[in-house]
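Have a look at the structure below, then the notes.
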Amino acid sequence: FFFWVKQLLIRFRLLKHDGYEDFEEGREPMQNMTAVPDHYNESKLPKIDKTQVAWWDENHMKVKLGFTNMARTSRSVRFYRNTDGRVATKADDEEEQGGQLADVPEILKVKFPGEMRGSFGCALVDRGDGKATSVRTEPFFYTEHTIIGISRYEALEREEISRIKGIKNGAGWVSDPRPEGTVYSSENVMKISGIAKAKAGHLMRHGIKTVGDLADMSNETIQLIGAEREARQMSAQALEKWRDEARTATVGEPPAVTDHRTAANPYEARYNDKWHDEIKNSPTLRGYVCVKDLVEHIVNASAEVFRGTVHENDWYFYHDALR
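Heads up: the sequence shown begins at -1 in this note's numbering, then just goes up one per residue.
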């Protein structure tokens, strides 16, 4: 860490190399600049100006609930207490009431107050007038989330994908593009309302298997089936009603049903290029933020504050080491 900070100070031209190798005793002073290591050589290290860097760091703050501004109540419960903290009784002689009341609290104390989490940046910028103006960058909030590394985040993505593949009912992960209520001519006659398995079996003995077959049924066939003793509750009137309904069916095969659970990545199959955003809200990942998202925000937010400045195209950002 010392070496890195020393190099940084040299790049800001706030420090010159002292002529000795770091942490090595007994070395003679260097006689010329050619002996200075490249990583400390000013001639090989581009200068960094103070108006060229955005500085970033994270901050976590416990949530403070203002007691008197609570929506539900502004009432506080206090007890008279002695100087040793015990609840006072009338037998105590400190006051007539015994003991003293604490001040009305300004902050409501709760067991789990919560925590605000964010990454914040600031910079000095030169807009061409030679003056250094202080600015703040757009913060990155990750409250109720924990920042984790790329490898761990990708492992959680794989875990979530495996979870989806194992879902039994497939709710939401099986896409049927069929318009609601649509029946197709190639489908089984049981798609027609009122035709159950027994009736479908009887119709099948007359060569009527599909909705299209039912739509093409002749009047003679209707009379024949309606007169059969076995065809209970299949009167000619009912058969005509089913035929009329079958004739409203869409001609052809129904659209294919897609089960996204069978894809290598169900999220990508279902949401296409938005799958990364969707998987972030999954039960497995909703409590985490990938450090990649943090760094991308830092880059974009820093670029925005340097837009239109003298260092629009050669700015830096600084952040301490991320574990």
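Heads up, the beta-carbon is just placed ideally off N, CA and C, and yes, glycines get one too.
{"Check": "Report the start-end ranges of each alpha helix (DSSP H) in the segment 191 to 219 that is 4 residues or longer and not cut off at the edges.", "Outcome": "195 to 202, 209 to 213"}
{"Check": "Going by C-alpha to C-alpha distance, which of R79, V249, V133, T49 sits closest to N311?", "Outcome": "T49"}
{"Check": "I need the straight-line Cα distance from H317 to D55, nearest angstrom please.", "Outcome": "6 Å"}
{"Check": "Secondary structure at T246, three-state DSSP: helix, strand or coil?", "Outcome": "coil"}
{"Check": "How long is the line joining the alpha carbons of E157 and R150, rounded to whole angstroms?", "Outcome": "10 Å"}
{"Check": "Who are the near neighbours of F1 in its chain, counting only those whose CB is closer than 6 Å to its CB and skipping five residues on each side?", "Outcome": "none"}
{"Check": "Ignoring anything shorter than 4 residues, give me the alpha helix (DSSP H) runs that lie fully in the segment 119 to 154, in order along the chain.", "Outcome": "none"}
{"Check": "Label T135 either buried or exposed according to how many other C-beta atoms from any shown protein chain fall within 10 Å of its C-beta, with 16 as the threshold for buried.", "Outcome": "buried"}
{"Check": "Assuming G250 contacts S183 (C-beta within less than 8 Å), just tell me the rounded distance between them.", "Outcome": "7 Å"}
{"Check": "In terms of residues, what are the limits of the beta strand (DSSP E) holding K60?", "Outcome": "51 to 60"}
{"Check": "Skipping 5 residues on each side, what residues in its chain have a beta carbon closer than 7 Å to that of A247?", "Outcome": "V181, Y182, S183, V209, A213"}
{"Check": "Take N186 as the anchor and find which of L201, P177, R176 has the nearest alpha-carbon.", "Outcome": "L201"}
{"Check": "So, with DSSP's three-state summary, where would you put T260?", "Outcome": "helix"}
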